[in-house]
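Chains as they are written, first to last, in our numbering: chain R, 1 to 208; chain E, 1 to 208.
Number of protein chains: 2
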Amino acid sequence: MNFSSKLIEQSVEAFASLPGIGRKTALRLTLHLVNKSPEVTQQFAEAISKMRQHIQHCSICHNLSDESICNVCADKRRDRSLICVVESIRDVMAIEDTAQYRGLYHVLGGLINPLEGVGPGELTIDSLLHRIAPQEQPESEVKEVILAISPTIEGDTTMFYITKKLKGSPVKVSSIARGVSFGGELEYADEVTLGRSIVARLPYKLSE
Amino acid sequence: MNFSSKLIEQSVEAFASLPGIGRKTALRLTLHLVNKSPEVTQQFAEAISKMRQHIQHCSICHNLSDESICNVCADKRRDRSLICVVESIRDVMAIEDTAQYRGLYHVLGGLINPLEGVGPGELTIDSLLHRIAPQEQPESEVKEVILAISPTIEGDTTMFYITKKLKGSPVKVSSIARGVSFGGELEYADEVTLGRSIVARLPYKLSE
């Protein structure tokens with residue numbers, strides 16, 4: 001691309017450095033901002049710059065937060081005996097969107113992946129173990145840990161590691177239910193899901 | 001979407017205000033920046049904010065420029081007798097990329113579109129006429145105006161308007177050649193292009 005302006009070129013490079021945005025899209029976004037008033041761009045740049053400067057990880061669950069303790073951990077009405085362990089904050093948002101869960105979270109910040117050099121030390125597993133069995137208190141208020149992690153190789157390794165670390169602890173370890181989607185047609189379910197959902201069948205209960 | 005952080009929400013809203021970026025993509029871009037160092041975001045925000053603050057329209061051709069006169073108009077080696085009239089700066093970039101044109105440009109900033117309230121007054125047509133026939137000089141250095149405008153209803157109206165305004169002027173008005181693409185198969189050309197390229201046929205010249 002042949003830019004008549006260095007400023008335009010730098011703005012296009014900036015946008016194109018973001019994932020999934022090519023140079024054509026970056027130019028379209030830049031020209032969009034040029035056609036709007038300078039205040040629009042100022043507000044855009046400030047929102048992003050302010051977010052990055054002030055964003056923190058919650059010191060308890062490692063979720064992204066405006067304060068040092070996130071609003072889930074700070075909410076007194078939530079069930080402190082339940083911790084749902086997830087890979088990233090995107091999973092927290094997905095579960096919160098269902099409005100079905102009232103416990104706390106723990107964000108691992110990734111999954112164990114030896115090929116990419118991610119060991120348990122890079123994740124927040126130690127912090128999770130400390131939450132479940134704090135040294136200061138004789139008894140933990142945590143009763144159950146729910147593993148809401150994808151059953152990939154990395155996910156299975158991570159779940160195995162956490163479960164092994166919790167062996168001997170009175171805390172119950174569970175995993176989210178997997179099977180054919182509610183409302184999903186059997187013929188469109190993938191083979192692994194359908195196969196596993198037959199192996200892991202449950203007693204049929206009439207809904208009340 | 002259920003945001004645990006107001007800062008994240010504001011950054012997502014900022015990205016999602018750009019054309020073609022939805023809230024899911026906006027979240028992905030925001031989390032990408034969170035995972036990089038704060039300097040990356042700072043540079044990103046500064047590049048865009050600086051661009052919008054300092055960008056200008058060239059006072060001669062209305063192309064986007066860092067200075068009050070763009071580097072095409074300022075280039076002494078370019079042919080000042082030719083002006084290529086285009087709709088937007090994107091067209092300037094496309095023509096510059098071909099490296100086939102050594103004249104100057106004139107960016108209209110749109111096309112005449114009465115339905116959307118865009119009349120000749122909203123475009124830079126007066127400035128084009130002034131460039132072609134300046135009052136200060138008895139004779140203009142411009143010899144030819146090339147209309148490189150899409151043959152849509154708006155484009156045709158704009159070309160008609162400019163041509164009519166230039167009637168009686170010694171300046172030659174031409175339009176870029178249209179027809180089946182070089183290397184294009186006849187069977188894949190659209191009907192209008194193929195039909196018009198037969199009507200507008202040219203004497204066949206052996207290339208030397």
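Even glycine gets a Cβ: it sits at the ideal position worked out from N, Cα and C.
{"query": "N-terminal and C-terminal residue of the alpha helix (DSSP H) that E/Ser-210 is part of", "result": "An answer regarding residue 210 of chain E cannot be provided, because it is not within the stretch 1 to 208 covered by chain E."}
{"query": "Every unbroken beta strand (DSSP E) inside the segment 113–150 of chain R [3 residues or more]", "result": "144–147"}
{"query": "R/Ser-11 and E/Met-93 closer than 8 Å at C-beta", "result": "no"}
{"query": "DSSP state of R/Tyr-188 mapped onto helix, strand, coil", "result": "helix"}
{"query": "For R/Asp-97, three-class secondary structure by DSSP", "result": "helix"}
{"query": "Check whether E/Gln-42 and R/Pro-38 have beta carbons under 8 Å apart", "result": "no"}
{"query": "Within 7 Å of chain E by C-beta, residues of the segment 105–138 of chain R in sequence order", "result": "none"}
{"query": "Interface positions of the segment 40–52 of chain E facing chain R (Cβ-Cβ less than 9 Å), listed along the chain", "result": "Val-40, Thr-41, Gln-42, Gln-43, Phe-44, Ala-45, Glu-46, Ala-47, Ile-48, Ser-49, Lys-50, Met-51, Arg-52"}
{"query": "8 Å Cβ cutoff, E/His-62 in contact with chain R", "result": "no"}
{"query": "Outcome for R/Ala-148 when other beta-carbon atoms lying within 10 angstroms are tallied against a minimum of 16", "result": "buried"}
{"query": "Cβ neighbour criterion (16 or more within 10 Å) applied to E/Leu-206", "result": "exposed"}
{"query": "Within chain E, partners of R/Ala-14 - CB distance below 9 Å", "result": "Gln-43, Phe-44, Ala-45, Glu-46, Ala-47, Ile-48, Met-51"}
{"query": "8 Å Cβ cutoff met for E/Leu-123 and E/Gly-103", "result": "no"}
{"query": "CB contact below 8 Å: R/Ile-55 versus chain E", "result": "yes"}
{"query": "E/Arg-28: contacting residues in chain R (beta-carbon distance under 8 Å)", "result": "Pro-19, Gly-20"}
{"query": "Same chain, Cβ closer than 8 Å to R/Arg-23, neighbours up to 5 away in sequence not counted", "result": "Met-1, Val-12, Ala-16"}
{"query": "Beta-carbon spacing of R/His-106, R/His-62 below 8 Å", "result": "yes"}
{"query": "Cβ neighbours of R/Val-142 in the same chain (closer than 7 Å, five flanking residues each side left out)", "result": "Ser-81, Ile-83, Arg-131, Ile-132, Val-171"}
{"query": "Reduced DSSP category for R/Cys-227 - H, G, I as helix; E, B as strand; rest coil", "result": "Because chain R in this structure spans residues 1 to 208, residue 227 of chain R falls outside the shown range and cannot be described."}
{"query": "Residue-level contact to chain E via CB, R/Val-85, 8 Å cutoff", "result": "no"}
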